[in-house]
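Report on the structure given below.
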Amino acid sequence: MDLGYKLRQDFPIFKNGICYLDSGASSQKPQSVIDKQNYYTEEVYANVHRATYTIAQKITDAYEESRKKIADFINADPKEVIFTKSATEAINLVAHSFGSIIPDGSEIILSEMEHHANIVPWQLLKNRKDISLKIIPVLDNGELDYDEYEKLLTDKTALVAITHISNVLGTIVDIDRIVSSAKKHNAKVLVDGSQAIMHQKVDVKKLGIDFYTFTGHKLYAPTGVGVLWGKSDILNSIPPFLGGGDMIDTVSFEKTTFAEIPIKFEAGTPPIVPAICLGEAIDYISNIGLDKINEYEKYLYKYAFDEITKIKGVRVIGTVENKAPILSFIVEGIHSYDISELMNNENVCVRVGHHCAEPLMKRFNMLSTIRVSLALYNTIDDIDLFINSLKKSLRILG
Amino acid sequence: MQINEKINQIAEDFSYFSCWEEKYEYIIDLGKKLPPMDEALKTEETKVKGCMSQVWLVALEQNDNRLKIIADSDAIIVKGLIALVLKIFDGATREEIKQVNISELFKKLELDSNIAGARRNGLASMIEKIKTF
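Residue numbers (this note's numbering), protein chains in the order written: chain A, 11 to 408; chain B, 6 to 138.
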């Protein structure tokens, strides 16, 4: 199990000697992605689509090639893959465009473990439209309460919008179970895959869902690009989100017609270089293999969990068996910020706060946790550094 | 003692520390000794915005135009930083407080290199609030 030692050589940032345990917030970038970014900035840069000169055609090809790589990666049709600026924008797109065609009186089901990005767009929709939001509760161990979920479903349920993996608890949601119950009521399902796409194989067809969203910067690509995948029949039947350049077919002051999907949803100049880099990042992890990454990250997580639970006063939040490599914890009687502040002095990068999931924090009766989120470049040494730094911090604070 | 003398005194105390651990131990110790704040004073109004942990701050005016400052936090390092701030500002007049330049103060105490960025912003918010009293 030395995968991380080998892979971290690909990430130039580790020359700085940091112990980076915040990949759930944003991941570091491998050299191949950085090279791609430089190449399409320094040598082959132009706007995409429509221009006739060579570099514009080259960068357009690269942009569309990346879309194809993403489609293959999640087993989808490229025309169903829409580039957005973030997962947040992708969810907002669905809330706006799909939200506009659901009938008054509709119900949307969310869960208590959602990131704010999968709460606030639906609240904004609720402000515009007569709909109601229903919330699936979370059990004490961090598992979703599936029995309660089934009770929330009615024939008025238009959509179940749920995270694939909780960014705080690391809980992996059983999407098969969510979908099979939702379909009995003809409800659509949106899955926010921001915390899942880098850890496990995602097959949107097999999942039987209607929308899947994720972001590039957690998947070893730069910031500024996100993805919305949607079923083509739905994407064809809903109105555009933003209007402007590229997304049109013809424009006149009397009537404008729109381009076919996916361009219909890509108004304005898209995040060209980040989108191309996302394809490169997918190549990077595909070459390693997601199964191998998944197995390695599970091994790291287990080691971290076993070590941290030996420390007196530590309480891990989210203790279900099958988890993503996300470890949230508090230490009884000690403020999380005090711990992370001391750890910062040893270059141990952990996240502390409410993790953009305030309703979940409220559910567990806390204001903040410390979160360690692992990625393919982490090693047992990183975890030892973290554990030693934590012990030292507790000694200083004690 | 004038405010500037107080700042110089703290800077001198800090100069004896040979590593970050000692500095933090000192700050934490100050935090532990900070007199408790009356719970009734911990309201939304007295809360300092821009802090990642919870911070409450009130100033009571004393007869001779000097401010009595009372503050607290739920995080011990912040409590220690509050104690430092109080060492400087407690009992000072508004005019004296207004003359303090926050970035110069941080530089003098070398807080700009040791304390994490987010904390520094919180500390600055705290001092800004004192300046409004």
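All C-beta atoms, glycine included, are put in the ideal place defined by N, C-alpha and C.
V330(A) - DSSP class collapsed to helix/strand/coil: Residue numbering aside, residue 330(A) sits at position 320 when the first sequence is read from its first letter. Note: V330(A) maps to coil in three-state DSSP.
Taking buried to mean at least 16 other C-beta atoms within 10 Å of its own C-beta, is C287(A) buried or exposed? In the first sequence, residue 287(A) corresponds to position 277, counting from 1. C287(A) is buried by the Cβ-count criterion.
Proximal residues of chain A, C-beta to C-beta of Y21(B) below 9 Å: Start at 1 with the first residue of the second sequence, and residue 21(B) comes out as number 16. By Cβ distance, chain A contributes nothing, its closest Cβ being about 18 Å from Y21(B), past 9 Å.
Is the beta carbon of L39(B) less than 8 Å from the beta carbon of K112(B)? If you number the second sequence from 1, residue 39(B) lands on position 34. If you number the second sequence from 1, residue 112(B) lands on position 107. No, the pair does not count as a contact, with Cβ atoms beyond the cut-off.
Does DSSP classify R60(A) as helix, strand or coil? The residue you call residue 60(A) lines up with position 50 of the first sequence. Residue state, collapsed to three classes: coil.
With distances taken from CA atoms, which of Y159(A), G253(A), T167(A) is nearest R187(A)? By one-based count along the first sequence, residue 187(A) stands at place 177. The residue among Y159(A), G253(A), T167(A) with its C-alpha nearest the C-alpha of R187(A) is Y159(A).
Below 7 Å CB to CB, which residues in the same chain sit around K213(B) once its five sequence neighbours on both sides are set aside? Here chain B covers residues 6 to 138 and nothing more, so residue 213(B) does not appear.
So, N246(A) versus L310(A), is the Cβ gap smaller than 8 Å? Numbered from its first residue, the first sequence carries residue 246(A) at position 236. Numbered from its first residue, the first sequence carries residue 310(A) at position 300. Taking 8 Å as the Cβ cut-off, N246(A) and L310(A) do not qualify as a contacting pair.
Best match in F22(B), N13(B), A76(B) for proximity to L46(B) [C-alpha to C-alpha]: The residue labelled residue 46(B) in the question sits at position 41 within the second sequence. Minimum Cα distance to L46(B) is reached at A76(B).
Whether K89(A) touches P272(A) by CB criterion (8 Å): As a first step, residue 89(A) is located in the first sequence; it is residue number 79 there, counting from the start. As a first step, residue 272(A) is located in the first sequence; it is residue number 262 there, counting from the start. Taking 8 Å as the Cβ cut-off, K89(A) and P272(A) qualify as a contacting pair.
Using a Cβ cut-off of 8 Å (strictly closer), state whether Y347(A) contacts chain B. One-based indexing of the first sequence puts residue 347(A) at position 337. Taking Cβ atoms only, chain B reaches closer than 8 Å to Y347(A), which makes this a yes.
Kindly list, in the order they appear in chain A, the residues whose Cβ is closer than 7 Å to that of W25(B). Within the second sequence, numbered from 1, the residue matching residue 25(B) stands at position 20. Near W25(B) (Cβ distances below 7 Å), the residues of chain A are N355.
Determine, using beta carbons only, whether D202(A) and T173(A) come nearer to each other than 8 Å. On the first sequence, residue 202(A) is found 192 positions in, with the first residue counted as 1. On the first sequence, residue 173(A) is found 163 positions in, with the first residue counted as 1. Their beta carbons are under 8 Å apart, which means D202(A) touches T173(A) by this criterion.
With H, G and I counted as helix, E and B as strand and the rest as coil, what does DSSP make of E66(B)? For the purposes of this step, residue 66(B) is taken as residue 61 along the second sequence, with counting starting at 1. Three-state DSSP puts E66(B) in a strand.
Assuming V362(A) and V341(A) are in contact, meaning their beta carbons sit under 8 Å apart, how far apart are those beta carbons, in whole angstroms? By 1-based counting over the first sequence, the position of residue 362(A) is 352. By 1-based counting over the first sequence, the position of residue 341(A) is 331. Between V341(A) and V362(A) the Cβ distance is about 11 Å, and since that is not below 8 Å, they are no contact.
At the level of alpha carbons, what is the spacing between K198(A) and V326(A)? Start at 1 with the first residue of the first sequence, and residue 198(A) comes out as number 188. Start at 1 with the first residue of the first sequence, and residue 326(A) comes out as number 316. When rounded, the distance between both Cα atoms is 34 Å.
Please report the distance separating the alpha-carbon of S350(A) from that of R405(A). Residue 350(A) sits at position 340 when you count from the first residue of the first sequence. Residue 405(A) sits at position 395 when you count from the first residue of the first sequence. Using only the alpha carbons, I get a separation of about 13 Å.
So which of L252(A), L31(A), T267(A), L400(A) has the shortest CA-CA distance to P280(A)? Here residue 280(A) refers to the residue found at position 270 when the first sequence is read from its first residue. Comparing Cα-Cα distances from P280(A) to each of L252(A), L31(A), T267(A), L400(A), the minimum goes to L252(A).
For the segment 31-47 of chain B, list every residue whose C-beta sits within 7 Å of some C-beta in chain A, in sequence order. Within the segment 31-47 of chain B, I33 place their CB atoms closer than 7 Å to a CB of chain A, listed in sequence order.
So is G363(A) in contact with chain B if we call contact Cβ pairs under 8 Å? The sequence position of residue 363(A) within the first sequence is 353, counting from 1. Chain B contact via Cβ: present.
State the beta-bridge partners of I336(A) as determined by DSSP. The residue you call residue 336(A) lines up with position 326 of the first sequence. According to DSSP, I336(A) bridges with S383(A).
Would you decide whether N128(A) is buried or exposed? Buried here means 16 or more other CB atoms lie within 10 Å of its CB. Residue mapping note: residue 128(A) aligns to position 118 of the first sequence, counting from 1. When all chains shown are included, N128(A) counts as buried.
Would you kindly work out how many angstroms separate the C-alpha atoms of K16(A) and Y313(A), rounded to a whole number? Here residue 16(A) is taken as the residue at index 6 of the first sequence, counted from 1. Here residue 313(A) is taken as the residue at index 303 of the first sequence, counted from 1. Cα to Cα, the separation comes out at about 19 Å.
If the cut-off is 9 Å on Cβ atoms, which residues from the segment 77-98 of chain B count as contacting chain A, listed in chain order? Of all residues in the segment 77-98 of chain B, S78, D79, A80, I81, I82, V83 have a Cβ within less than 9 Å of some Cβ in chain A.
Since I believe A105(A) is in contact with P131(A) (beta carbons under 8 Å), could you give me their beta-carbon distance rounded to a whole number of angstroms? For the purposes of this step, residue 131(A) is taken as the residue at position 121 of the first sequence. For the purposes of this step, residue 105(A) is taken as the residue at position 95 of the first sequence. With 8 Å as the limit, P131(A) and A105(A) qualify as a contact, their Cβ atoms being about 4 Å apart.
Name the two residues that bound the continuous beta strand (DSSP E) containing G363(A). On the first sequence, position 353 is the one that residue 363(A) refers to. First-last of the beta strand (DSSP E) with G363(A): 361-363.
What are the residues of the segment 393-408 of chain A that lie near chain B, defined by any Cβ-Cβ distance shorter than 7 Å? Correct list: I406, L407.
Express the C-alpha separation of K52(B) and V105(B) in angstroms, rounding to a whole number. Stepping through the second sequence from its first residue, residue 105(B) is reached at position 100. Stepping through the second sequence from its first residue, residue 52(B) is reached at position 47. C-alpha of V105(B) to C-alpha of K52(B): approximately 22 Å in a straight line.
Cβ separation of M42(B) and V90(B), assumed to be a contact under 8 Å, to the nearest whole Å: As a working mapping, residue 42(B) is identified with position 37 in the second sequence. As a working mapping, residue 90(B) is identified with position 85 in the second sequence. Their Cβ separation, rounded to whole angstroms, is 14 Å, which puts M42(B) and V90(B) out of contact at 8 Å.
Quick check on the burial criterion: 16 or more other C-beta atoms within 10 angstroms. Buried or exposed for E75(A)? In the first sequence, the residue the question calls residue 75(A) occupies position 65. Exposed, since its Cβ has fewer than 16 Cβ neighbours within 10 Å.
Closest by CA to V283(A), which one among V43(A), P147(A), I393(A), F275(A)? As a working mapping, residue 283(A) is identified with position 273 in the first sequence. Nearest C-alpha to V283(A): V43(A).
Chain A residues whose Cβ lies nearer than 9 Å to that of F58(B): By 1-based counting over the second sequence, the position of residue 58(B) is 53. Strictly speaking, residue 58(B) in this sequence is Ser, with Phe absent from that position. Simply H345, S346, Y347, D348, L377, S378.
Please confirm whether L352(A) has its beta-carbon closer than 8 Å to some beta-carbon of chain B. Numbered from 1 along the first sequence, position 342 holds the residue referred to as residue 352(A). Answer yes: the Cβ-Cβ gap between L352(A) and chain B drops below 8 Å somewhere.
Mark P250(A) as exposed unless 16 or more other C-beta atoms lie within 10 angstroms of its C-beta, in which case mark it buried. To locate residue 250(A), count along the first sequence from 1; it is residue 240. By the neighbour-count rule (16 or more Cβ atoms within 10 Å), P250(A) is buried.
Go ahead and pull the three-state DSSP assignment for Y311(A). Here residue 311(A) refers to the residue found at position 301 of the first sequence. Correct three-state label for Y311(A): helix.
Proximity winner among D348(A), R381(A), Y63(A), relative to E30(B) (alpha-carbon distances): Locating residue 30(B) in the second sequence gives position 25, where the first residue counts as 1. That would be D348(A), whose Cα lies nearest to the Cα of E30(B).
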